[in-house]
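Following: one structure in structure tokens, then a few remarks.
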Ligand code: ADP
């Protein structure tokens, strides 16, 4: 067996929140990286992938647990690590060549050697002739080639890549993926391992030897899948499709379908999904007879986990569907909902949201209790910020408002930033 380069043991990461509580982002992560491995870390947005990558690379510290680099604690080991970011992170005032030389100079490499290495790496990534260009003169794909050349120039043992292709258009991303894997299998890259973060299942299956699949809120390792398909892989291959299907099944398996009232776990995390999109998914499943294989959904709706995962999760949370062994199956309520007209849909949605969705239930309780049947959004944000980051608190409230409005449980006043319960029209007429 090849040498273990990096080992993570019982890593956890929590961020302090307002009011003294903690947001646990990673929980008890254990993994090891061997020489020659291309590993992908896969999970939905916000799962904690970047946080994990930053901890593994020593950029930030874990709250507990440790990382060993060739058997030594990271602090003592001076690991040799290169980073490629989604945002390219180039210095706009430096030329392409100077951008690649930066890391080498920081490491104390002399001018001449730095220049030679940088030129060689630029050549490797197909940027021969662009040495004197400035980043603003380059396309996104070329900028990322510079990012990759810069990370490779220091000849790191491990190359960390954080969603490096997700800001690029589909064709450019495909090209870069193909080139990356070719250079990797032909052993032209001056590195021993790659750790690659992505939310795109096909990308992980195309590139990696092993996919580490994270759950979210908090992130734990749900599964590790070894991918043995020979390179260069093709997404139309049967084996490729089966692997994608397996991973999707793991990702979408709900942690629990127990109603929130009975749960002892932390605050429920609402998937960011609009009612219209959830209804669309349910209709699609109904049109296929009420049960559908997850891979069918992905081919019909597009494959990004970020697109489909929240919809499936939301449908399961609301009690409209169950997810088992790669199939999404509508519940009785899900079937009724999909078959009903808009008015009836709203009635069913209202009932399910009140029963199954903690935040909607709470907002509704608060609003019905107050005399004016109104409450400022800040009140709910205050509560949510004890459980989520500021941005996430707003995301949660926004989703709850979307669902609550659809269910006609409450409405939102854009001018005052208040949530309120609309009085039925009949009462208004009587009052008039
Ligand atoms: P991913 O890379 O999977 O999209 P991240 O690792 O960026 O996920 O973030 C995971 C969670 O941690 C998110 O809820 C995010 O808001 C939170 N988070 C990340 N960095 C910080 C920080 N410095 N302080 C508080 N929360 C953070």
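In our numbering, the protein residues as written are 582 to 1013. A virtual CB, placed ideally from N, CA and C, is assigned to each residue, including glycine.
Residue 669 beta carbon less than 8 Å from that of residue 724: yes
beta-carbon residue 712 near ligand 1 non-hydrogen atom, thresh 7 Å: no
Residue interval of the beta strand (DSSP E) (run including residue 993): 992-994
Boundaries (first-last residue) of the beta strand (DSSP E) holding residue 688: Where residue 688 is concerned, there is no enclosing beta strand (DSSP E), given that its DSSP letter is neither H nor E.
Local conformation of residue 714 per DSSP, three classes: coil
Inter-residue spacing [alpha-carbon to alpha-carbon] between residue 780 and residue 960: 33 Å
Rounded C-alpha distance that separates residue 601 from residue 968: 10 Å
Residue 618 (DSSP reduced to helix, strand or coil): For residue 618, the three-state secondary structure derived from DSSP is coil.
Residue 624 CB to nearest heavy atom of ligand 1 below 7 Å: yes
C-alpha gap between residue 629 and residue 1004, whole angstroms: 42 Å
In DSSP terms, what residue 908 is bridged to: 874 and 905
Proximity to residue 894 [Cα-Cα], best of 913, 856, 616 and 931: 856
Reduced DSSP category for residue 793 - H, G, I as helix; E, B as strand; rest coil: For residue 793, the secondary structure class from DSSP, reduced to helix, strand or coil, is strand.
Closer than 8 Å to chain B by CB, residue 756: Absence of chain B from the displayed structure is noted, only one protein chain being present.
The segment 656-667 / the segment 723-739 touching (three or more Cβ pairs under 8 Å): yes
Limits of the beta strand (DSSP E) - the one that residue 646 falls within: 645-650
Continuous alpha helix (DSSP H) assignments of at least 4 residues falling wholly in the segment 925-990: Taking only runs of at least 4 residues, the alpha helix (DSSP H) segments lying wholly in the segment 925-990 are 939-950, 958-965 and 971-987.
For residue 638 and residue 525, the rounded distance between their alpha carbons: What the structure shows of the chain is the stretch from 582 to 1013, and residue 525 is not part of that stretch, so it cannot be assessed.
Contact under 8 Å by Cβ, residue 927 with residue 988: Taking C-beta atoms as the reference points, residue 927 and residue 988 count as a pair closer than 8 Å.
6 Å CB neighbourhood of residue 852 in its chain, flanking five on each side removed: 891, 894 and 895
The beta strand (DSSP E) enclosing residue 869, as first and last residue numbers: For residue 869, no beta strand (DSSP E) encloses it, and the DSSP letter there is neither H nor E.
Which residues DSSP lists as bridging residue 787, in chain order: Listed as beta-bridge partners of residue 787 by DSSP are no residues whatsoever.
Nonlocal neighbours in the same chain, by C-beta distance under 8 Å from residue 815, ignoring five residues either side: 821
Residue 934: CB within 7 Å of a non-hydrogen atom of ligand 1: no
Inter-residue Cα distance where the pair is residue 730 and residue 703: Looking at the two C-alpha atoms, the distance is approximately 6 Å.
For residue 1007, three-class secondary structure by DSSP: Because residue 1007 carries a pLDDT of 48, less than 50, the predicted location of this residue cannot be relied on, and the following value inherits that uncertainty. If DSSP states are grouped into helix, strand and coil, residue 1007 belongs with the helices.
Sub-8 Å separation of residue 671 and residue 764 beta-carbons: The beta carbons of residue 671 and residue 764 sit no closer together than 8 Å.
Residue 866 beta carbon near ligand 1 (any heavy atom closer than 7 Å): no
Residue range of the beta strand (DSSP E) that includes residue 826: Per DSSP, residue 826 belongs to no beta strand (DSSP E); it is in the alpha helix (DSSP H), 819-833.
Pick from 992, 978, 694 and 903 that is closest to residue 850, judged by C-alpha positions: 978
Cross-strand partners of residue 663 (DSSP beta bridge): 740
Spatially closest choice to residue 654 from 709, 595, 597 and 586, by CA coordinates: 586
Residue 592 CB to nearest heavy atom of ligand 1 below 7 Å: no
Distance between residue 903 and residue 897 (C-alpha atoms, nearest Å): Going by the C-alpha atoms only, they are around 5 Å apart.
Check: residue 638 C-beta below 7 Å from any heavy atom of ligand 1: no
Distance between beta carbons of residue 991 and residue 998, contact taken as under 8 Å: Actually they do not touch by this definition, with Cβ atoms about 14 Å apart.
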